[in-house]
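Comments concern the structure below.
Here's what the structure looks like:
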């Protein structure tokens, strides 16, 4: 009978241990319940993936960029840094200034050649605003656009848009598409890598004409200078 108190004391200690273990288990399960459901603040990876997706170019924009790169492949690279316009370098492959001496200019019969040096006029228009790559790419774009639009009978705005889309020019880069009598006028935003190239065109069958223009390097598309590339 003297073992009764010892058995009671051991049983009490065992009960206390079980209670402590149960409380610890409840505490651990309670910590897990603090995790937010669904897209909570701890969902870092999904949120980051979403933001990256929203800033990535669409397939259409990627195809447009690839087209611009392909068209300008024969042209000098700029790596985003504008170079000297082609017309400022008379010896360059795309320079348009005469290379002969000033005294070899043709003079009408019976007239005396001028003795004073003739000062060249100050360049104006897109040639003063476009870099060498843009000026070269302009020629490539002009040729392919004119060739395609000359084959379009009754060039309505819808037909012109479809033709330009077929060449790789996406809708967000086509501006000012409007009917002008039997012709259709349009402008193309061809800016890339800090360039300022744009084209202004008039689709009119065999009389189709496309001229080079310049736009701000960044920001909203507006034409700041225009002229003829021919």
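Numbering (the UniProt record's numbering), first residue to last: 1 to 230.
From the three backbone atoms N, C-alpha and C, an ideal C-beta is built for every residue, glycine too.
| Item | Value |
| --- | --- |
| Spatial distance of residue 221 from residue 198 (CA atoms) | 9 Å |
| CA-to-CA distance, residue 128 to residue 163, given in whole angstroms | 30 Å |
| N- and C-terminal bounds of the beta strand (DSSP E) containing residue 209 | 209–214 |
| Continuous alpha helix (DSSP H) stretch holding residue 63: start and end | 59–71 |
| Same chain, Cβ closer than 6 Å to residue 200, neighbours up to 5 away in sequence not counted | 187, 211, 213 and 226 |
| Local Cβ density within 10 Å of residue 166, reported as buried at 16 or more and exposed below that | exposed |
| Between the CA atoms of residue 185 and residue 151 - distance to the nearest angstrom | 16 Å |
| Closest Cα partner of residue 132 within the set 66, 76, 208 and 209 | 76 |
| Extent of the continuous alpha helix (DSSP H) to which residue 170 belongs | That residue, residue 170, is in no alpha helix (DSSP H); it is neither H nor E in DSSP. |
| Assigned secondary structure, residue 142 (DSSP; H/G/I helix, E/B strand, else coil) | helix |
| Cross-strand partners of residue 203 (DSSP beta bridge) | 184 |
| Beta bridge counterpart(s) of residue 179 as assigned by DSSP | 184 |
| Separation of residue 138 from residue 223, as counted between CA atoms | 15 Å |
| 6 Å Cβ shell around residue 159 - same chain, five flanking residues per side excluded | 152 |
| Rounded Cβ spacing between residue 190 and residue 68 (contact assumed at less than 8 Å) | 7 Å |
| Test item: CB-CB of residue 183 and residue 202 under 8 Å | yes |
| Cβ pair residue 134, residue 196 closer than 8 Å | yes |
| CA nearest to the CA of residue 72, picked from 142, 57, 180 and 58 | 142 |
| Bridge-paired residues (DSSP) for residue 225 | 214 |
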